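Residue numbers (our numbering): 156 to 593. Here's the structure we're looking at; comments come further down.
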């Protein structure tokens with residue numbers, strides 16, 4: 156399967172258990188959502204959180220997960236699926252997709268119905284296509300959630316129909332969206348506002364339209380920054396929306412995942428419309444208040460370390476091993492960047508240029524950004540004389556060498572004493588013999 160290239164901070168983008176979070180900023184926006192998160196995709200930094208780990212109804216996450224599993228089952232999205240009576244059983248609200256029993260559609264058609272027309276019947280059909288039964292599909296949904304790292308998520312159906320036990324968190328939804336984004340073809344579907352289904356054996360050609368007003372350019376809620384992904388609204392669980400923002404900051408295109416969960420109706424807006432308001436607010440706030448900068452540069456010298464066993468240099472200059480860029484507040488000042496080092500008191504020659512010696516830890520305004528390796532900037536040779544002297548000294552510092560040396564020393568002293576006493580006794584015997592003779 157072809158994967159998009161994108162760089163979350165953390166080990167693998169799907170397996171991080173938590174995100175880096177900024178120290179609380181003073182200009183945090185007010186939103187309607189019960190929980191929310193704004194996650195920079197380039198660094199994994201969570202720029203905004205509101206109850207991001209609080210459990211809420213899964214909402215939009217259910218259909219996103221259904222899309223993930225369908226795409227992974229048929230990456231080309233070309234397989235044809237005949238709609239069964241069983242798949243449509245229990246679907247109470249028929250969407251604008253107008254899918255009929257016995258109709259033959261491609262997986263791609265069904266995915267557009269799922270993500271664009273918010274089709275519950277498409278979710279059921281895809282679940283049957285992937286796993287045979289909805290029960291088995293739900294098991295697969297929950298297994299995939301854990302694999303991605305969404306440990307607080309439990310799905311109960313592929314549609315996102317309300318269930319009190321169908322729970323997730325805004326943070327988990329961000330992980331699921333990040334994973335979905337990496338699948339080839341997902342964003343083409345998730346960012347579509349309209350899709351044409353060609354004539355089938357049961358229907359004439361028809362068009363389906365998205366209810367995601369965030370990407371509808373004639374809507375009052377439209378945001379040119381937003382790209383997809385999925386809406387959801389239930390009376391019991393409120394409304395939710397996950398989207399991805401894309402905008403250039405400087406010369407680089409920066410992406411942010413925005414998730415709002417549990418939005419409620421107000422006098423001004425429906426619950427669903429409040430998701431558009433909240434997401435647009437967070438997108439604008441994110442891009443207006445943040446930038447990406449290179450905190451430290453490759454080969455930038457930052458400290459030094461004592462070198463032993465060299466007669467040419469007493470110290471090695473240590474430099475940054477690679478550029479370290481990160482999301483920072485717009486008012487970032489490099490003067491406030493704190494760099495601390497984790498290095499030994501000294502190292503022994505020989506030292507090779509580029510050799511990793513320790514780590515530099517980066518901190519700004521109370522927030523720990525991460526670490527980068529420290530490397531030697533030059534080759535440093537070893538003195539043979541100093542090395543052999545060191546080895547000799549090391550040899551005699553060995554406890555067993557010391558014990559054996561002491562034993563040998565004691566034996567030698569005892570031997571000397573014995574020799575002296577023996578010789579003394581021998582001379583005495585000789586004198587006695589002489590007296591007897593005369």
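Ideal Cβ positions, reconstructed from N, Cα and C, are used throughout, including at glycine. Just so it is clear, the structure is predicted and the values come from calculations on it, not from any experiment.
For residue 297, tell me which candidate among 218, 394, 407 has the shortest Cα-Cα distance. 218
**Request:** Check each candidate in 509, 481, 391, 232 and name the one with the smallest Cα separation from residue 322.
**Result:** 391
- Item | Cβ shell of residue 274 (< 6 Å), same chain only, five flanking positions each side left out | 250, 252, 268
Check your understanding: Under 7 Å, do residue 507 and residue 534 count as touching if we go by C-beta distance?
Key -> yes
Beta carbon of residue 529, beta carbon of residue 513: below 7 Å?
-> yes
Skipping 5 residues on each side, what residues in its chain have a beta carbon closer than 8 Å to that of residue 271? 344, 347, 348, 349, 350, 363, 364, 365
**Message:** In whole angstroms, give me the CA-to-CA distance for residue 574 and residue 580.
**Reply:** 10 Å
(message) Just to confirm the assignment, what range does the beta strand (DSSP E) spanning residue 341 have?
(response) Run containing residue 341: none in the beta strand (DSSP E); it sits in the alpha helix (DSSP H), 341-345.
Item checked: From 483, 369, 421, residue whose alpha carbon lies closest to that of residue 436 -> 369
Would you call the stretch 209-226 and the stretch 235-251 touching, i.e. three or more CB-CB distances under 8 Å? no
According to the neighbour-count rule (16 or more other Cβ atoms, all chains shown, within 10 Å of its Cβ), is residue 547 buried or exposed?
exposed
Q. DSSP on residue 287, reduced to helix/strand/coil?
A. coil
| message | With the cut-off set at 7 Å, would you say residue 595 and residue 511 are in Cβ contact? | response | Past the boundaries of the shown model lies residue 595; the chain is included only from 156 to 593, so the question cannot be answered.
- Query: Is residue 495 helix, strand or coil by DSSP?
  - Reply: strand
Task: Inter-residue Cα distance where the pair is residue 359 and residue 353 - done: 7 Å
Go to residue 326, then tell me how far its alpha helix (DSSP H) extends in each direction, as first and last residue.
325-336
For residue 333, is the classification buried or exposed, using 16 other Cβ atoms within 10 angstroms of its Cβ as the cut-off for buried? buried
_So for residue 518, helix, strand or coil by DSSP?_
strand
Q | Rounded straight-line distance, which links the Cα of residue 302 to that of residue 482 | A | 27 Å
Original post:
Which one of 497, 290, 428 has the shortest CA to CA distance from residue 377?
Top reply: 428
Answer yes if the stretch 323-331 comes into contact with the stretch 406-422, meaning at least three C-beta pairs across the two stretches below 8 Å, and no otherwise.
-> yes
### 7 Å Cβ cutoff met for residue 292 and residue 236
no
*asked:* Ignoring anything shorter than 3 residues, give me the beta strand (DSSP E) runs that lie fully in the stretch 409-488, in order along the chain.
replied: 445-451, 456-463, 470-475, 479-484
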